[in-house]
Amino acid sequence: ASTKAPDVFITSACELPKDNSPVVLACLITGYNPKSVTVTWHLGTQIQNQIMFPETDTQGSYTTSSQLVTPPLSQRHQGEYKCTVKHTPSNTNKEKTFHWPESPKAQYPSVSTAQPQAEGGLSKATRSPATNRNTGRREKEDKEEKEQQEGETKTPECPRHTQPLGIYLLPPALQDLWFRDKATFTCFVVGSDLQDAHLSWEVAGKVPKGDMEEGPLEQHSNGSQSQHSRLALPRSLWNAGTSVTCTLNHPSLPSQKLMALREPAAQAPVRLSLNLLASSDPPEAASWLLCEVSDFSPPNILLMWLEDQREVNSSWFATTHPTPQPGSTMFWAWSVLRVPGPTSPQPATYTCVVSHEDSRTLLNAVRPRGCSDLTDRGPVK
């Protein structure tokens, strides 16, 4: 995959916390490739303890986040919290600073009740009504002063967050491709002021005839909004490499298009092996099948088992997480299936099916129960 530098955002809860409550800050790092990144929080020159979340892979780029819990507002140190992100492959160092929100008292400054002395040593407050020529002005000042004092006890309204529009296109779920024989795409947009946003689809440059479902506009606690649209197509279109485009139309910017086709960066597996680990001895005893797949990247892969074209209960098999191959950027995974002794005269046929996010086809290897021959059917069209 091509090298991409990360985008970095820093945020906190929108609502201003109370003086005795800690403040939770978050640093979002997204859109980078390859992994990984180094995240450091600083207060001045001091490094702060943080909570890192696992990296996730979405359409060829990675996302992670870091969380920092600061002391309560009443105990907070003077200074600014900074999130520093280093991404070595792209030679990128980015730094974001969290600016403390103004306290209520800072936004509503109290007004001194002491009045300047008037000529003759009498303040305006001690003058008789006859000598105060601007009674209406004084009443107005008293009213404003009262409102300002009341405002000191009110929490200011949370400032409106503005976020750049981000659009994401999620590929079909691997399970749907096999079991439902369809490819469901999800187009997802995040940002602010999405009331006038509209998502549309094109398949091979034309308006699709597939099932489309547009979700409602959703409001989030940090002030952002999101909206999604789903498109379901026959698996045959996906297998054929048909281009799928999601378009975002919004009055504030030109249309943004995002292709579902990946960049020619990843490596899909082209072959897998299926071996008998233990033969049935006696014949009615259980045996084990080992399915191995290698030389693929990125590591997002689906490995499942079928018995006579029916999905096998997950309690029958165990599958490893993809593991880096020594001296290579490729990954390797395997699964072991427990095959029970035959319960009918007609032996069952077991299939190991592998699907990879970068492949438009499914690999499968088949082994009849009780036979020594192994059939590798290769890609499933």
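Numbering-wise (the working numbering), the sequence shown opens with residue 49 and increments by one.
Beta carbons are placed, not taken as given, at the ideal position from N, Cα and C, and that holds for glycine.
Check, Outcome
"Reducing DSSP to helix, strand and coil, say where residue 222 ends up.", "helix"
"Are the beta-carbon atoms belonging to residue 56 and residue 133 less than 8 Å from one another?", "yes"
"Would you kindly work out how many angstroms separate the C-alpha atoms of residue 151 and residue 131, rounded to a whole number?", "Residue confidence is low: residue 151 scores 48 on pLDDT, short of 50, so the model does not pin down where it sits. Its coordinate-derived value is still stated next. Their backbone Cα atoms lie some 23 Å apart in a straight line."
"Just the Cα atoms here: how many angstroms apart are residue 111 and residue 78?", "4 Å"
"Mapping the DSSP letters down to three states, classify residue 213 as helix, strand or coil.", "coil"
"Does DSSP put residue 434 in a helix, a strand or coil?", "No answer is possible for residue 434: the residues shown for the chain start at 49 and end at 429."
"Can you tell me which of 372, 394, 76 and 365 puts its alpha carbon nearest to the alpha carbon of residue 356?", "394"
"Establish whether the CB of residue 412 and some CB of chain B are separated by less than 8 Å.", "Among the chains of the structure shown, chain B does not appear; only one protein chain is present."
"So, with DSSP's three-state summary, where would you put residue 97?", "coil"
"Report the residue from 113, 334, 347 and 338 whose alpha carbon sits nearest the alpha carbon of residue 377.", "347"
"Secondary structure at residue 285, three-state DSSP: helix, strand or coil?", "helix"
"Hey, would you say residue 317 sits closer than 8 Å to residue 342, going by beta carbons?", "yes"
"The beta strand (DSSP E) with residue 378 in it runs from where to where?", "Where residue 378 is concerned, there is no enclosing beta strand (DSSP E), given that its DSSP letter is neither H nor E."
"When DSSP labels each residue in this structure, what does residue 272 get in the three-state scheme?", "coil"
"What would DSSP say about residue 109, mapped onto helix, strand or coil?", "strand"
"For residue 345, tell me which candidate among 273, 105 and 235 has the shortest Cα-Cα distance.", "105"
"Return the residue from the list 223, 381 and 364 that minimises the CA-CA distance to residue 372.", "381"
"Taking the straight line between their C-alpha atoms, what separation do you get for residue 244 and residue 213?", "13 Å"
"Could you give the distance in angstroms between the alpha-carbon of residue 96 and the alpha-carbon of residue 248?", "44 Å"
"Considering only C-alpha positions, which residue in the set 143, 86 and 222 is nearest to residue 286?", "222"
"Under the three-state reduction of DSSP, which class applies to residue 50: helix, strand or coil?", "coil"
"Can you give me the C-alpha to C-alpha distance between residue 264 and residue 251, rounded to a whole angstrom?", "23 Å"
"Give, in chain order, every unbroken run of the beta strand (DSSP E) that is at least 3 residues long and sits entirely within the region 229-272.", "230-239, 246-251 and 259-262"
"With a 10 Å radius around its C-beta and 16 neighbouring C-beta atoms as the bar for buried, classify residue 340 as buried or exposed.", "buried"
"For residue 76 and residue 302, I'd like the C-alpha separation in whole angstroms.", "26 Å"
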